[in-house]
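*Asks:* In the numbering used here, the protein residues as written are 447 to 517. Submitted below is the structure of interest, expressed as structure tokens.
Below, the structure is given as structure tokens:
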């Protein structure tokens, strides 16, 4: 599976559980690919290495929109 971290959002599904991180999460946390997928497994209430075998992934890109605050 070609998952580009940082750069893509990712959804993990395994054993009836799911978790998703938006693309900016790995960047904001300073995570590499393995750390991001480990944290995603934990977010899904799975063991930390659950992403390594039998997990299904969906990747996506997203644009972050910012509104300027008015004085």
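Even glycine gets a Cβ: it sits at the ideal position worked out from N, Cα and C.
If you run the structure through DSSP and keep just helix, strand and coil, what is residue 486?
*Replies:* For the purposes of this step, residue 486 is taken as residue 40 along the chain shown, with counting starting at 1. Looking at residue 486 - three-state DSSP - the assignment turns out to be helix.
*Asks:* Which residues mark the beginning and the end of the alpha helix (DSSP H) in which residue 472 is found?
*Replies:* Sequence index remark: in the chain shown, residue 472 carries index 26 (1-based). Run containing residue 472: 469-475, per the alpha helix (DSSP H) assignment.
*Asks:* Is residue 498 helix, strand or coil by DSSP?
*Replies:* For the purposes of this step, residue 498 is taken as residue 52 along the chain shown, with counting starting at 1. Looking at residue 498 - three-state DSSP - the assignment turns out to be helix.
*Asks:* Please state the DSSP three-state secondary structure of residue 464.
*Replies:* If you number the chain shown from 1, residue 464 lands on position 18. Residue state, collapsed to three classes: strand.
*Asks:* Assess, as a yes-or-no matter, whether the stretch 456-464 is touched by the stretch 489-497 under the definition of 3 or more beta carbon pairs within less than 8 Å.
*Replies:* Result yes; three or more Cβ-Cβ pairs closer than 8 Å.
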